[in-house]
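Comments concern the structure below.
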Amino acid sequence: MKVINENAPDAVKEEVITGFTGRIVAVDASMAIYQFLVAVRSADHAGGASTQLTNEAGEVTSHLQGILYRTIRMLKAGLKPVFVFDGKAPGMKSGELEKRRAKAADAATKMKEAVESGNVEEQEKYSKRTVRMTKTHTADCQRLLDLMGIPTVKAPTEAESQCAELVKKGKVWATATEDMDALTFGTTVQLRRLTMSEARKMPVLELTLSKVLEGLKLSMDAFIDFCILCGCDYCDTVRGIGPKKALTGIRKYGTIEKFVASLKGSKGVVVPETFLADADRARQIFREPEVTEGSSIQLKWTNADEAGVIAFLCGEKGFNEDRIKKALINLAKAKKKTQQKRIDSFFSFKPTTSNSTKSKKKQKFEKKRKAKVTASKKKQIKKTKTSSKKPSFSKR
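Heads up, my numbering is the position in the sequence shown plus 862, with the first residue counted as 1.
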(Lines of atoms letter the chains of each structure in order from A and count residues from 1; the text may use other names and numbers.)
(Lines give C-alpha, C1' and ligand atoms only; values in the text may rest on other atoms or scores of the structure.)
Protein backbone atom coordinates (compact mmCIF):
# COMPACT_ATOMS: atom_id res chain seq x y z
CA MET A 1 0.00 0.00 0.00
CA LYS A 2 2.91 2.33 0.77
CA VAL A 3 4.32 1.89 -2.74
CA ILE A 4 0.94 2.82 -4.23
CA ASN A 5 0.63 5.88 -1.99
CA GLU A 6 4.10 7.05 -3.03
CA ASN A 7 3.93 6.27 -6.76
CA ALA A 8 0.23 6.46 -7.56
CA PRO A 9 -1.37 8.88 -5.06
CA ASP A 10 -4.21 9.68 -7.48
CA ALA A 11 -5.24 6.00 -7.35
CA VAL A 12 -6.28 6.28 -3.70
CA LYS A 13 -9.31 8.34 -2.72
CA GLU A 14 -10.76 8.87 0.76
CA GLU A 15 -14.54 8.75 0.92
CA VAL A 16 -17.32 8.65 3.50
CA ILE A 17 -19.55 5.59 3.31
CA THR A 18 -22.53 7.62 2.05
CA GLY A 19 -20.44 8.50 -1.00
CA PHE A 20 -21.23 5.03 -2.35
CA THR A 21 -25.02 5.41 -2.39
CA GLY A 22 -26.51 3.34 -5.19
CA ARG A 23 -23.43 1.16 -5.59
CA ILE A 24 -23.49 -2.65 -5.52
CA VAL A 25 -20.42 -3.96 -3.68
CA ALA A 26 -19.04 -7.50 -3.34
CA VAL A 27 -17.83 -7.98 0.24
CA ASP A 28 -15.10 -10.50 1.03
CA ALA A 29 -17.10 -12.33 3.72
CA SER A 30 -14.18 -14.19 5.33
CA MET A 31 -12.20 -10.99 5.77
CA ALA A 32 -15.24 -9.20 7.26
CA ILE A 33 -16.07 -12.06 9.65
CA TYR A 34 -12.47 -12.23 10.86
CA GLN A 35 -12.56 -8.46 11.48
CA PHE A 36 -15.71 -8.85 13.57
CA LEU A 37 -14.25 -11.71 15.61
CA VAL A 38 -11.23 -9.54 16.41
CA ALA A 39 -12.87 -6.14 16.84
CA VAL A 40 -16.37 -6.77 18.27
CA ARG A 41 -15.46 -7.35 21.90
CA SER A 42 -16.65 -6.80 25.44
CA ALA A 43 -14.58 -4.64 27.79
CA ASP A 44 -13.47 -6.13 31.10
CA HIS A 45 -14.71 -3.69 33.76
CA ALA A 46 -12.31 -5.20 36.27
CA GLY A 47 -9.40 -3.83 34.26
CA GLY A 48 -8.50 -7.00 32.35
CA ALA A 49 -8.21 -7.54 28.61
CA SER A 50 -11.33 -7.32 26.45
CA THR A 51 -12.95 -10.56 25.29
CA GLN A 52 -15.12 -11.73 22.40
CA LEU A 53 -18.88 -11.50 22.86
CA THR A 54 -20.42 -14.78 24.01
CA ASN A 55 -23.88 -16.03 24.98
CA GLU A 56 -24.82 -17.87 28.17
CA ALA A 57 -23.73 -21.17 26.63
CA GLY A 58 -20.26 -19.74 26.05
CA GLU A 59 -20.65 -19.59 22.25
CA VAL A 60 -18.92 -16.69 20.48
CA THR A 61 -21.41 -14.22 18.95
CA SER A 62 -19.09 -11.36 17.87
CA HIS A 63 -19.31 -12.42 14.21
CA LEU A 64 -23.13 -12.37 14.20
CA GLN A 65 -23.36 -8.98 15.86
CA GLY A 66 -20.85 -7.62 13.38
CA ILE A 67 -22.66 -9.01 10.33
CA LEU A 68 -26.05 -7.77 11.52
CA TYR A 69 -25.17 -4.20 12.41
CA ARG A 70 -22.46 -3.49 9.81
CA THR A 71 -24.73 -4.77 7.04
CA ILE A 72 -27.53 -2.48 8.24
CA ARG A 73 -25.03 0.39 8.28
CA MET A 74 -24.08 -0.29 4.64
CA LEU A 75 -27.73 -0.50 3.58
CA LYS A 76 -28.51 2.69 5.50
CA ALA A 77 -25.78 4.45 3.48
CA GLY A 78 -27.49 3.31 0.27
CA LEU A 79 -25.08 0.48 -0.63
CA LYS A 80 -26.26 -2.92 -1.79
CA PRO A 81 -23.82 -5.51 -0.41
CA VAL A 82 -23.25 -9.00 -1.76
CA PHE A 83 -21.25 -11.29 0.55
CA VAL A 84 -18.84 -13.66 -1.17
CA PHE A 85 -17.60 -16.66 0.83
CA ASP A 86 -14.37 -18.62 0.35
CA GLY A 87 -14.48 -22.11 -1.11
CA LYS A 88 -11.65 -24.61 -0.93
CA ALA A 89 -8.21 -23.02 -0.57
CA PRO A 90 -5.89 -23.60 -3.56
CA GLY A 91 -3.28 -26.31 -2.91
CA MET A 92 -0.49 -23.75 -3.26
CA LYS A 93 -1.88 -21.85 -0.27
CA SER A 94 -1.14 -24.71 2.15
CA GLY A 95 2.26 -23.26 3.03
CA GLU A 96 0.73 -19.90 3.94
CA LEU A 97 -1.97 -21.54 6.04
CA GLU A 98 0.68 -23.52 7.91
CA LYS A 99 2.54 -20.29 8.67
CA ARG A 100 -0.66 -18.74 10.02
CA ARG A 101 -1.27 -21.73 12.29
CA ALA A 102 2.29 -21.50 13.59
CA LYS A 103 1.86 -17.78 14.33
CA ALA A 104 -1.43 -18.46 16.15
CA ALA A 105 0.24 -21.15 18.27
CA ASP A 106 3.09 -18.78 19.13
CA ALA A 107 0.56 -16.06 20.06
CA ALA A 108 -1.28 -18.54 22.32
CA THR A 109 1.95 -19.30 24.19
CA LYS A 110 2.69 -15.60 24.65
CA MET A 111 -0.89 -14.98 25.71
CA LYS A 112 -0.53 -17.57 28.46
CA GLU A 113 2.67 -15.90 29.64
CA ALA A 114 0.95 -12.49 29.66
CA VAL A 115 -1.91 -13.84 31.79
CA GLU A 116 0.52 -15.37 34.26
CA SER A 117 2.48 -12.13 34.53
CA GLY A 118 -0.68 -9.98 34.72
CA ASN A 119 0.33 -7.86 31.71
CA VAL A 120 -3.06 -6.62 30.42
CA GLU A 121 -1.61 -4.80 27.41
CA GLU A 122 0.13 -7.96 26.18
CA GLN A 123 -3.01 -10.01 26.87
CA GLU A 124 -5.02 -7.62 24.69
CA LYS A 125 -2.48 -7.85 21.86
CA TYR A 126 -2.03 -11.62 21.83
CA SER A 127 -5.68 -12.51 22.47
CA LYS A 128 -6.54 -10.92 19.11
CA ARG A 129 -3.74 -12.83 17.39
CA THR A 130 -5.09 -16.14 18.62
CA VAL A 131 -8.50 -15.58 16.98
CA ARG A 132 -9.39 -18.27 14.46
CA MET A 133 -12.40 -18.28 12.17
CA THR A 134 -14.15 -21.65 12.03
CA LYS A 135 -16.62 -23.26 9.64
CA THR A 136 -19.31 -22.69 12.29
CA HIS A 137 -18.69 -18.94 12.24
CA THR A 138 -18.94 -18.92 8.45
CA ALA A 139 -22.12 -21.02 8.40
CA ASP A 140 -23.73 -18.82 11.09
CA CYS A 141 -23.08 -15.65 9.08
CA GLN A 142 -24.29 -17.12 5.81
CA ARG A 143 -27.50 -18.28 7.50
CA LEU A 144 -28.09 -14.85 9.04
CA LEU A 145 -27.52 -13.04 5.73
CA ASP A 146 -29.95 -15.38 3.96
CA LEU A 147 -32.59 -14.61 6.63
CA MET A 148 -31.88 -10.87 6.23
CA GLY A 149 -32.54 -11.12 2.47
CA ILE A 150 -28.95 -10.29 1.49
CA PRO A 151 -27.48 -12.24 -1.46
CA THR A 152 -24.48 -14.49 -0.85
CA VAL A 153 -22.13 -16.22 -3.27
CA LYS A 154 -19.95 -19.27 -2.56
CA ALA A 155 -16.68 -19.09 -4.48
CA PRO A 156 -15.07 -22.30 -5.76
CA THR A 157 -11.80 -21.14 -4.16
CA GLU A 158 -10.75 -17.61 -3.15
CA ALA A 159 -13.43 -15.01 -2.40
CA GLU A 160 -11.27 -12.15 -3.75
CA SER A 161 -11.03 -13.78 -7.18
CA GLN A 162 -14.80 -14.35 -7.29
CA CYS A 163 -15.40 -10.74 -6.24
CA ALA A 164 -13.13 -9.58 -9.07
CA GLU A 165 -15.05 -11.78 -11.50
CA LEU A 166 -18.34 -10.14 -10.44
CA VAL A 167 -16.78 -6.71 -11.01
CA LYS A 168 -15.45 -7.69 -14.45
CA LYS A 169 -18.87 -8.97 -15.53
CA GLY A 170 -20.62 -5.81 -14.32
CA LYS A 171 -22.62 -7.53 -11.58
CA VAL A 172 -21.07 -5.31 -8.89
CA TRP A 173 -19.13 -2.04 -8.91
CA ALA A 174 -16.33 -2.82 -6.45
CA THR A 175 -14.72 -5.37 -4.15
CA ALA A 176 -14.66 -4.59 -0.41
CA THR A 177 -11.70 -6.27 1.31
CA GLU A 178 -8.46 -5.45 3.10
CA ASP A 179 -6.64 -8.04 0.97
CA MET A 180 -4.64 -6.30 -1.77
CA ASP A 181 -4.82 -9.50 -3.86
CA ALA A 182 -8.20 -8.19 -5.05
CA LEU A 183 -6.38 -5.75 -7.36
CA THR A 184 -4.01 -8.51 -8.50
CA PHE A 185 -7.05 -10.61 -9.45
CA GLY A 186 -8.23 -7.66 -11.56
CA THR A 187 -10.99 -5.90 -9.63
CA THR A 188 -11.23 -2.44 -11.17
CA VAL A 189 -12.17 -0.80 -7.86
CA GLN A 190 -11.28 -1.93 -4.34
CA LEU A 191 -12.73 -0.53 -1.12
CA ARG A 192 -10.80 -0.84 2.13
CA ARG A 193 -12.15 -0.13 5.65
CA LEU A 194 -15.77 -0.46 4.47
CA THR A 195 -16.69 -2.92 7.22
CA MET A 196 -14.71 -1.22 9.99
CA SER A 197 -16.45 0.17 13.04
CA GLU A 198 -18.08 3.57 12.60
CA ALA A 199 -16.67 4.57 16.00
CA ARG A 200 -13.14 4.53 14.56
CA LYS A 201 -14.15 7.37 12.22
CA MET A 202 -11.77 6.26 9.48
CA PRO A 203 -12.62 7.13 5.87
CA VAL A 204 -13.18 4.35 3.36
CA LEU A 205 -10.29 4.03 0.89
CA GLU A 206 -11.24 3.69 -2.77
CA LEU A 207 -8.48 2.28 -4.99
CA THR A 208 -8.76 2.39 -8.77
CA LEU A 209 -6.76 -0.27 -10.62
CA SER A 210 -6.24 1.72 -13.85
CA LYS A 211 -4.72 4.59 -11.87
CA VAL A 212 -2.55 2.18 -9.87
CA LEU A 213 -1.13 0.76 -13.11
CA GLU A 214 -0.65 4.25 -14.56
CA GLY A 215 1.14 5.52 -11.45
CA LEU A 216 3.37 2.45 -11.11
CA LYS A 217 4.02 2.51 -14.87
CA LEU A 218 3.24 -1.19 -15.18
CA SER A 219 1.09 -3.32 -17.45
CA MET A 220 -1.37 -5.70 -15.76
CA ASP A 221 0.96 -8.66 -16.33
CA ALA A 222 3.91 -6.74 -14.89
CA PHE A 223 1.77 -5.66 -11.94
CA ILE A 224 0.95 -9.31 -11.16
CA ASP A 225 4.68 -10.13 -11.18
CA PHE A 226 5.37 -7.13 -8.94
CA CYS A 227 2.71 -8.28 -6.45
CA ILE A 228 4.15 -11.80 -6.36
CA LEU A 229 7.58 -10.36 -5.55
CA CYS A 230 6.07 -8.21 -2.78
CA GLY A 231 4.52 -11.32 -1.23
CA CYS A 232 1.39 -13.37 -1.86
CA ASP A 233 -0.30 -16.45 -0.39
CA TYR A 234 1.03 -18.82 -3.04
CA CYS A 235 4.83 -18.65 -2.82
CA ASP A 236 7.73 -17.43 -0.72
CA THR A 237 9.45 -14.10 -1.31
CA VAL A 238 13.02 -13.31 -2.35
CA ARG A 239 14.99 -12.31 0.71
CA GLY A 240 16.63 -8.94 0.22
CA ILE A 241 14.02 -7.67 -2.25
CA GLY A 242 11.41 -5.30 -0.83
CA PRO A 243 8.61 -3.47 -2.64
CA LYS A 244 10.82 -0.61 -3.87
CA LYS A 245 13.46 -2.89 -5.38
CA ALA A 246 10.72 -5.12 -6.79
CA LEU A 247 9.09 -2.16 -8.55
CA THR A 248 12.40 -0.93 -9.95
CA GLY A 249 13.30 -4.44 -11.12
CA ILE A 250 9.97 -5.18 -12.82
CA ARG A 251 9.96 -1.77 -14.52
CA LYS A 252 13.44 -2.45 -15.90
CA TYR A 253 13.24 -6.15 -16.76
CA GLY A 254 9.49 -6.69 -17.27
CA THR A 255 9.18 -10.17 -15.73
CA ILE A 256 10.11 -12.02 -12.55
CA GLU A 257 12.35 -14.44 -14.48
CA LYS A 258 14.47 -11.70 -16.07
CA PHE A 259 14.68 -9.70 -12.86
CA VAL A 260 15.71 -12.72 -10.78
CA ALA A 261 18.35 -13.61 -13.38
CA SER A 262 19.81 -10.12 -12.95
CA LEU A 263 20.14 -10.71 -9.19
CA LYS A 264 22.71 -13.49 -9.57
CA GLY A 265 25.64 -12.78 -7.28
CA SER A 266 23.86 -9.87 -5.52
CA LYS A 267 24.92 -9.56 -1.89
CA GLY A 268 22.19 -10.29 0.68
CA VAL A 269 19.73 -11.65 -1.89
CA VAL A 270 18.46 -15.20 -1.38
CA VAL A 271 16.17 -16.73 -4.00
CA PRO A 272 14.31 -19.86 -2.72
CA GLU A 273 15.09 -22.96 -4.78
CA THR A 274 11.52 -23.40 -6.05
CA PHE A 275 10.70 -19.70 -6.28
CA LEU A 276 10.54 -19.33 -10.06
CA ALA A 277 8.33 -22.42 -10.50
CA ASP A 278 6.06 -21.36 -7.63
CA ALA A 279 5.90 -17.78 -8.93
CA ASP A 280 4.84 -19.01 -12.37
CA ARG A 281 2.03 -21.10 -10.85
CA ALA A 282 0.97 -18.11 -8.71
CA ARG A 283 0.92 -15.97 -11.84
CA GLN A 284 -1.47 -18.42 -13.51
CA ILE A 285 -3.77 -18.35 -10.45
CA PHE A 286 -4.00 -14.56 -10.68
CA ARG A 287 -4.47 -14.54 -14.45
CA GLU A 288 -6.95 -17.40 -14.68
CA PRO A 289 -8.44 -18.07 -11.24
CA GLU A 290 -11.01 -20.78 -10.65
CA VAL A 291 -14.29 -18.86 -10.41
CA THR A 292 -17.98 -19.26 -11.15
CA GLU A 293 -18.80 -17.41 -14.36
CA GLY A 294 -20.01 -13.99 -13.23
CA SER A 295 -22.71 -13.62 -15.87
CA SER A 296 -24.41 -16.81 -14.60
CA ILE A 297 -24.82 -15.45 -11.06
CA GLN A 298 -28.15 -13.83 -10.21
CA LEU A 299 -28.20 -11.39 -7.28
CA LYS A 300 -31.47 -10.74 -5.46
CA TRP A 301 -32.20 -8.61 -2.40
CA THR A 302 -35.42 -9.66 -0.69
CA ASN A 303 -37.43 -8.75 2.40
CA ALA A 304 -36.05 -10.16 5.63
CA ASP A 305 -37.57 -13.25 7.22
CA GLU A 306 -38.08 -11.41 10.50
CA ALA A 307 -39.51 -14.41 12.38
CA GLY A 308 -36.56 -16.47 11.15
CA VAL A 309 -34.03 -13.87 12.30
CA ILE A 310 -35.61 -13.72 15.77
CA ALA A 311 -35.77 -17.51 16.04
CA PHE A 312 -32.11 -17.85 15.05
CA LEU A 313 -30.52 -14.95 16.95
CA CYS A 314 -32.77 -14.92 20.03
CA GLY A 315 -33.95 -18.52 20.23
CA GLU A 316 -30.67 -20.23 19.30
CA LYS A 317 -27.94 -17.69 19.98
CA GLY A 318 -29.28 -15.86 23.04
CA PHE A 319 -29.54 -12.31 21.66
CA ASN A 320 -31.84 -9.80 23.34
CA GLU A 321 -35.20 -9.93 21.52
CA ASP A 322 -36.04 -6.23 21.95
CA ARG A 323 -32.70 -5.22 20.42
CA ILE A 324 -33.13 -7.58 17.49
CA LYS A 325 -36.66 -6.33 16.80
CA LYS A 326 -35.32 -2.77 16.77
CA ALA A 327 -32.54 -3.87 14.41
CA LEU A 328 -35.12 -5.42 12.08
CA ILE A 329 -37.05 -2.13 11.95
CA ASN A 330 -33.80 -0.36 11.01
CA LEU A 331 -33.07 -3.07 8.44
CA ALA A 332 -36.42 -2.53 6.71
CA LYS A 333 -35.90 1.25 6.65
CA ALA A 334 -32.33 0.88 5.41
CA LYS A 335 -33.38 -1.34 2.50
CA LYS A 336 -35.56 1.47 1.20
CA LYS A 337 -32.44 3.65 0.99
CA THR A 338 -30.86 1.22 -1.46
CA GLN A 339 -33.56 2.16 -3.95
CA GLN A 340 -32.01 5.63 -4.26
CA LYS A 341 -30.12 6.23 -7.49
CA ARG A 342 -26.76 7.95 -7.71
CA ILE A 343 -26.99 11.51 -9.00
CA ASP A 344 -24.61 10.68 -11.87
CA SER A 345 -27.13 8.13 -13.16
CA PHE A 346 -29.45 11.00 -14.12
CA PHE A 347 -26.90 12.43 -16.55
CA SER A 348 -26.69 10.16 -19.55
CA PHE A 349 -25.31 10.96 -22.96
CA LYS A 350 -26.91 9.30 -25.96
CA PRO A 351 -24.41 8.28 -28.63
CA THR A 352 -25.28 9.27 -32.19
CA THR A 353 -26.77 6.50 -34.29
CA SER A 354 -23.94 6.38 -36.82
CA ASN A 355 -20.71 8.00 -37.99
CA SER A 356 -22.53 9.41 -41.02
CA THR A 357 -24.85 11.37 -38.69
CA LYS A 358 -21.83 12.79 -36.88
CA SER A 359 -20.22 13.66 -40.21
CA LYS A 360 -23.30 15.47 -41.51
CA LYS A 361 -23.62 17.55 -38.33
CA LYS A 362 -19.94 18.43 -38.49
CA GLN A 363 -20.21 19.43 -42.17
CA LYS A 364 -23.25 21.62 -41.44
CA PHE A 365 -21.44 23.36 -38.57
CA GLU A 366 -18.32 23.88 -40.71
CA LYS A 367 -20.42 25.34 -43.55
CA LYS A 368 -22.04 27.88 -41.20
CA ARG A 369 -18.67 28.83 -39.72
CA LYS A 370 -17.11 29.40 -43.15
CA ALA A 371 -20.11 31.48 -44.25
CA LYS A 372 -19.70 33.74 -41.21
CA VAL A 373 -15.95 34.16 -41.86
CA THR A 374 -16.58 34.97 -45.55
CA ALA A 375 -19.27 37.55 -44.69
CA SER A 376 -16.96 39.17 -42.14
CA LYS A 377 -14.11 39.43 -44.66
CA LYS A 378 -16.39 40.99 -47.34
CA LYS A 379 -17.60 43.56 -44.83
CA GLN A 380 -14.02 44.46 -43.90
CA ILE A 381 -12.97 44.84 -47.58
CA LYS A 382 -15.97 47.09 -48.29
CA LYS A 383 -15.14 49.26 -45.28
CA THR A 384 -11.52 49.61 -46.43
CA LYS A 385 -12.53 50.67 -49.97
CA THR A 386 -14.98 53.26 -48.65
CA SER A 387 -12.40 54.86 -46.35
CA SER A 388 -9.80 55.06 -49.18
CA LYS A 389 -12.15 57.26 -51.32
CA LYS A 390 -12.40 59.98 -48.62
CA PRO A 391 -10.17 63.07 -49.25
CA SER A 392 -7.26 63.62 -46.93
CA PHE A 393 -6.49 67.06 -45.39
CA SER A 394 -2.97 68.00 -44.42
CA LYS A 395 -2.00 70.64 -41.87
CA ARG A 396 -0.68 73.90 -43.08
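We treat Cβ as the ideally placed atom computed from N, Cα and C, and that holds for glycine.
Query	Result
Bounding residues of the beta strand (DSSP E) (the contiguous stretch that carries Asp-1095)	Per DSSP, Asp-1095 belongs to no beta strand (DSSP E) and is neither H nor E.
Three-pair Cβ contact test at 8 Å for the region 882 to 890 versus the region 1048 to 1062	yes
C-beta contact flag for Thr-1014 and Val-946 at 9 Å	yes
Nearest-angstrom beta carbon gap, Gln-897 and Thr-1117 [assumed within contact, 8 Å]	Actually they do not touch by this definition, with Cβ atoms about 35 Å apart.
Contact between the region 995 to 1002 and the region 1138 to 1156 (3+ Cβ pairs under 8 Å)	no
Under 9 Å between C-beta atoms of Phe-1088 and Ala-1108	yes
Residue nearest to Ala-967 in terms of C-alpha spacing, selected from Lys-987, Pro-952, Leu-1091, Thr-992	Thr-992
Distance, Asn-917 Cα to Lys-1179 Cα	7 Å
Asp-890 (DSSP reduced to helix, strand or coil)	strand
Euclidean distance between Cα positions of Gln-927 and Leu-1080	42 Å
Rounded separation between Leu-1125 and Ala-1036 - CA only	37 Å
is_contact[Ala-1036, chain D] using C-beta, thresh 9 Å	Of the chains in the structure shown, none is chain D; there is only one protein chain.
Counterpart residues of Thr-1037 in DSSP-defined beta bridges	Ala-888, Gln-1052
Opening and closing residue of the alpha helix (DSSP H) in which Lys-942 lies	Lys-942 -> not in any alpha helix (DSSP H); beta strand (DSSP E) instead, spanning 942 to 947.
C-alpha gap between Gly-1111 and Ile-1090, whole angstroms	13 Å
Terminal residues of the alpha helix (DSSP H) in which Leu-1069 lies	Element bounds for Leu-1069: not the alpha helix (DSSP H) but the beta strand (DSSP E), 1066 to 1070.
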